[in-house]
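In what follows, a single structure is set out as C-alpha cells and then discussed.
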Amino acid sequence: MAQIVVGNLVKTFRVAERQPGLWGAARGLLHRRHRSVRALDGISFSLQPGELVGYIGPNGAGKSTTVKVLSGILVPDSGRCEVLGRVPWRERVANAREIGVVFGQRTQLWWDLPVVESFELLRDIYRVPSSSYQQVRDELIAMLDMEPLLDVPVRQLSLGQRMRCDLTAALLHSPAILYLDEPTIGLDAVSKLAVRDFVRQLNRERGVTIILTTHDMDDIEALCSRVIVIDEGQILSDGTLDDLRRHVTTERWLIVDLAEEDGDVTDPQATVISREGHRVRLRFDPEEVSAAELIGRITAAHAIRDLFVENPPVEEIIARLYGEQRR
Amino acid sequence: MLDEIRLYFRYIGISVRSQIQYRGSFLMMSIGHFLITGIEFVGIWILFQRFGNIRGWSLAEVALCYGIVNIAFSISDATTRGFDMFGLMVKSGDFDRLLLRPRSTALQVAGQELTMRRIGRFAQALIVLLWSAHALDVAWSPATIALTGAAALGGACLFCGLFVLQATLAFWTVETLEIVNTVTYGGVETAQFPLSIYRPWLRRFFTGVIPLATVSYFPALAILGRGAGSGVPPALQWGAPLAGVAFLLVALQVWKLGVRHYTSTGS
Chain A
1028 MAQIVVGNLV KTFRVAERQP GLWGAARGLL HRRHRSVRAL DGISFSLQPG
1078 ELVGYIGPNG AGKSTTVKVL SGILVPDSGR CEVLGRVPWR ERVANAREIG
1128 VVFGQRTQLW WDLPVVESFE LLRDIYRVPS SSYQQVRDEL IAMLDMEPLL
1178 DVPVRQLSLG QRMRCDLTAA LLHSPAILYL DEPTIGLDAV SKLAVRDFVR
1228 QLNRERGVTI ILTTHDMDDI EALCSRVIVI DEGQILSDGT LDDLRRHVTT
1278 ERWLIVDLAE EDGDVTDPQA TVISREGHRV RLRFDPEEVS AAELIGRITA
1328 AHAIRDLFVE NPPVEEIIAR LYGEQRR
Chain B
187 MLDEIRLYFR YIGISVRSQI QYRGSFLMMS IGHFLITGIE FVGIWILFQR
237 FGNIRGWSLA EVALCYGIVN IAFSISDATT RGFDMFGLMV KSGDFDRLLL
287 RPRSTALQVA GQELTMRRIG RFAQALIVLL WSAHALDVAW SPATIALTGA
337 AALGGACLFC GLFVLQATLA FWTVETLEIV NTVTYGGVET AQFPLSIYRP
387 WLRRFFTGVI PLATVSYFPA LAILGRGAGS GVPPALQWGA PLAGVAFLLV
437 ALQVWKLGVR HYTSTGS
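Which chain is which? The protein sequence lines are A and B, in order. In terms of our numbering, the first sequence opens at residue 1028 and continues consecutively. In terms of our numbering, the second sequence opens at residue 187 and continues consecutively.
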C-alpha cells in the first residue's frame, strides 16, 4: 500500500505585478495587474512506506509547493493527493499529527527558550503522552549527541547545533513521514555528515518515510535510493540515481595524475575536460571504449602516478537534464 | 476544550517568563501606560469641572462607563498581541509553521504573547471604576457587581473580536488596513461616554454593527438604575455583555474563512 499518492497535481499562483517607481506603486493601489504562475503542472508520484526520496530541482521548480500541498498548508487547483489515506488539506490537523517537517532555513524552536523547553511545549502541542515523550526524546538526544545543548537558549546555538535540535523537535511525536527541506544548507562538513548519518539511521532503522529536498548533491548521493527531478512544475525524471545517470548519459570520467606537471594526454576515444597541475580529467563513453583499454593505452604512453574512473558528479547529470528539457 | 485552555496557559507562561527577563522595561512601560491613560481621564474630569454634567450624566456615572470600557480594552490589548502583529507573521511565512501543527490556528496565534505592560492601563481603569463605585449614589448588590464584571469581560471579548477581524484582513492584503483601527480605538473613545449623548446614526452603528456601546452603556443603565426612562428593555440591559461574546465567536468564524482563503492562495 502506498503511503503517499500524488496524482496530476496542478497549482497556479496569481502574482501581483509591481510597476516600478512611485507612480507605479500609486497606480498599483488602484489597479493591479496579475500574472499567473504555474507552480505545479501535473505532478504524479507515489511513495511506499520507508522510502527515502530525493526531491530535487532548481529554485522555483515547485519543490516547496509540493511539500506544502502534502502537509496540508496549500490546496491545489486540481489533482489528487493522499497521505496515509487522508487528503491533507481537508484533514489538516489529523495529517499534521502524522508528519514532521524541517525547514533548513528557519527554526520551529522558540528563540528565547532553552532547547528542552521548546521540546516540552511541542510535547503538549502534539499531545504526546509523557512516558513515550521521555523515551523518544532520550533516544533522539543520544542519536544526535544533544545532551549538552538542552539548557542553551536557541538563539545561542550554532547553525549545526540548531539543525540537530530542529530534527529532534520534528520527531518528538514519532511521525511516520518526514519532510526535510534543505536540512544541510549552510552547515559545516562535520555537521552535514552528522545530519546525513542521522537521516539514514532514521530511515533504515525506524522505517520513517522521508522526502528530502536539497541542492546538495552529496546529500542525494549519500542517502537517496530514489530521486525525483522536477523543473517548472513538471517531473523530469523519477527513479534510482543509477537510472537517472543512464537516462542522461552513459559517460564516465577517467582521472589521471601524471608524473610530470602540465603534461598532456590525448586519446582518439576520450576528451579532455580539464587540466590542473598533475591532474587531467577525461570523459569517455564505455560503450565505445572499455575503461581497461583506455587505461592500457594511456599508461603505455605516459608516466602515470595514479588514476581512477568515476561517474560524472550528480550536479553535472542534473544540469544536463535541465539543459536537455529546456532546449 | 480543557486541553486547549491548558495549552493556552502553557504558551502564556512562556511569554510571561520572557518578559520578566526585561524587568526594568516592563515596569517603565506599565507606569507609562498608567500615566498616559490617567492624563486622559484628568481631561474628562476638567471637562466636568467646567460643565457640571453632559446631557444629564454626572462625572461619576461617566466614570463607570469609562472604567468598564478601559478595563475591557486593556484585557483585550494584552491578550491579542499575536493578532495585532499577525500581518508580519503572514508576510514572513511563519504562519505556515502554525498550520503544520495539529492545533487550532487561532489558539496558536493568541498564545504568542500576553502583553503584561498593559497592566498600567488596566490599573488606571480599575481605579476610576472603584472611585466611581464609591462616588455614585447607588445601592450595590451582588447582581449589579456581577453585571459590572460581566460587562467588562463582554467588552473584552468584543475588542478581541475586533483584533481578530483586523488580523483576518492580513489573509487578503499585506497592506495594513487602518479602518479597523479606527473602529477599535474610536470605539474605545466613544464607549467611554454613555451612548445617549451621541447622534442616532452613531448610536445605531455601535449597537447593531459593532455592539460596543451595548457592552458598557446598556449594563450601566441597569447598574445606575436609569433603565426605566431609557427605552432599553431590562433583558437587554442585563444580557448585553453576551453580545460581546457572540461578536467574538462570529469573528473566529470569519478567521476560519480567512485561513481557508490563505490555504487556497498560498499567500
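Ideal placement from N, C-alpha and C gives every residue a C-beta, glycine not left out. Predicted model only: the values in this text are computed from it and were never measured.
**Message:** Just to confirm before moving on: does the CB-CB distance between D1068 of chain A and G1089 of chain A stay below 9 Å?
**Reply:** Within the first sequence, residue 1068 of chain A is the residue found at index 41, counting from 1. Within the first sequence, residue 1089 of chain A is the residue found at index 62, counting from 1. Cβ atoms of D1068 of chain A and G1089 of chain A: closer than 9 Å.
- Query: Does the beta carbon of T449 of chain B come closer than 9 Å to any beta carbon on chain A?
  - Reply: Numbered from its first residue, the second sequence carries residue 449 of chain B at position 263. So yes, T449 of chain B belongs to the interface.
Quiz item: From what residue to what residue does the beta strand (DSSP E) around A309 of chain B run?
Solution: Locating residue 309 of chain B in the second sequence gives position 123, counting from the first residue. Counting along the chain, A309 of chain B falls outside any beta strand (DSSP E), though it belongs to the alpha helix (DSSP H) covering 305-321.
Item to complete: Compile a chain-ordered list of the residues in the segment 275-298 of chain B whose CB is closer than 7 Å to at least one CB of chain A.
Response: The residues in question are D282, R283, L285, L286, R287, P288, R289.
Out of A:Y1153, A:S1073, A:I1325, which one is the CA nearest neighbour of G1290 of chain A? By one-based count along the first sequence, residue 1290 of chain A stands at place 263. When only C-alpha atoms are compared, the closest one is A:I1325.
Legend entry - I206 of chain B versus F212 of chain B: straight-line alpha-carbon distance, rounded: The count along the second sequence starts at 1 and reaches residue 206 of chain B at position 20. The count along the second sequence starts at 1 and reaches residue 212 of chain B at position 26. One C-alpha to the other measures close to 7 Å.
DSSP-derived helix/strand/coil call for Y197 of chain B: Translated into the one-based positions of the second sequence, residue 197 of chain B becomes position 11. Of the three classes helix, strand and coil, the one that applies to Y197 of chain B here is helix, per DSSP.
Chain B residues whose Cβ lies nearer than 9 Å to that of L1140 of chain A:
Position 113 of the first sequence, counting from 1, holds the residue named residue 1140 of chain A. Those within 9 Å of L1140 of chain A in chain B are I200, R203, S204.
- Using a Cβ cut-off of 9 Å (strictly closer), state whether Y197 of chain B contacts chain A. As a position in the second sequence, residue 197 of chain B is number 11, starting the count at 1. Taking Cβ atoms only, chain A reaches closer than 9 Å to Y197 of chain B, which makes this a yes.
Cβ-based neighbour list, G1187 of chain A, same chain, cut-off 7 Å, excluding 5 preceding and 5 following = Stepping through the first sequence from its first residue, residue 1187 of chain A is reached at position 160. Within the same chain, G1187 of chain A has close Cβ partners L1214, D1215, S1218.
- Task: Pick out whichever of B:A399, B:G394, B:V369 has its Cα sitting closest to the Cα of I383 of chain B.
- Result: As a position in the second sequence, residue 383 of chain B is number 197, starting the count at 1. Out of B:A399, B:G394, B:V369, B:A399 has the C-alpha closest to the C-alpha of I383 of chain B.
### Query
Roughly how many whole angstroms lie between the Cα atoms of F1125 of chain A and L286 of chain B?
Here the question's residue 1125 of chain A lines up with position 98 in the first sequence. Here the question's residue 286 of chain B lines up with position 100 in the second sequence. A small correction: the amino acid at residue 1125 of chain A is Glu; Phe does not occupy that position in the sequence shown. It is roughly 10 Å from the alpha-carbon of E1125 of chain A to the alpha-carbon of L286 of chain B.
Report the three-state DSSP secondary structure of Y1349 of chain A (helix, strand or coil).
For this step, residue 1349 of chain A is matched to residue 322 along the first sequence. Three-state result, Y1349 of chain A: helix.
Exposure label - G394 of chain B; buried when at least 16 CB within 10 Å:
The count along the second sequence starts at 1 and reaches residue 394 of chain B at position 208. Counting every other CB atom within 10 Å of its CB across the protein chains shown gives G394 of chain B a total below 16, marking it as exposed.
Local conformation of N1338 of chain A per DSSP, three classes: Here residue 1338 of chain A corresponds to residue number 311 of the first sequence, with the count starting at 1. DSSP places N1338 of chain A in coil when its eight states are reduced to three.
- prompt: By Cβ distance below 7 Å, which residues in the same chain neighbour L1334 of chain A in space, the five residues on each side in sequence not counted?
  reply: Position 307 of the first sequence, counted from the start, is the residue given in the question as residue 1334 of chain A. Counting only Cβ-Cβ distances below 7 Å, and skipping sequence neighbours, we find L1281, I1282, V1283, D1284, I1322.
### Query
In chain order, what residues of the same chain have a beta carbon less than 7 Å from the beta carbon of G413 of chain B, not counting five sequence neighbours either side?
Translated into positions along the second sequence, residue 413 of chain B becomes position 227. Excluding positions up to five away in sequence, the list reads L407, P420, Q423.
#### Entry: chain B contacts from the segment 1111-1132 of chain A (Cβ-Cβ distance under 7 Å)
Answer set for the segment 1111-1132 of chain A: W1116, R1119, V1120, A1123, R1124, V1128.
Proximal chain A residues relative to L443 of chain B, where beta-carbon distance stays under 7 Å: Sequence index remark: in the second sequence, residue 443 of chain B carries index 257 (1-based). The premise fails here: L443 of chain B is roughly 14 Å from chain A at the closest Cβ pair, so nothing lies under 7 Å.
Could you confirm whether any beta carbon from chain A is found closer than 9 Å to the beta carbon of Q207 of chain B?
Numbered from 1 along the second sequence, position 21 holds the residue referred to as residue 207 of chain B. Interface criterion met: the Cβ of Q207 of chain B is under 9 Å from a Cβ in chain A.
Using a Cβ cut-off of 9 Å, pull out every chain B residue sitting near S1063 of chain A, in sequence order please. Against the first sequence, residue 1063 of chain A aligns to sequence position 36. Within chain B, no residue comes near S1063 of chain A; the closest Cβ sits about 12 Å away, beyond 9 Å.
Q) Can you tell me where the alpha helix (DSSP H) with S1145 of chain A in it begins and where it stops? A) Here residue 1145 of chain A refers to the residue found at position 118 when the first sequence is read from its first residue. Counting along the chain, S1145 of chain A sits inside the alpha helix (DSSP H) bounded by residues 1142-1152.
Contact criterion: CB-CB distance below 9 Å. Does D189 of chain B meet it with respect to chain A? As a first step, residue 189 of chain B must be located in the second sequence, where it is residue number 3. Yes, because at least one Cβ of chain A sits closer than 9 Å to the Cβ of D189 of chain B.
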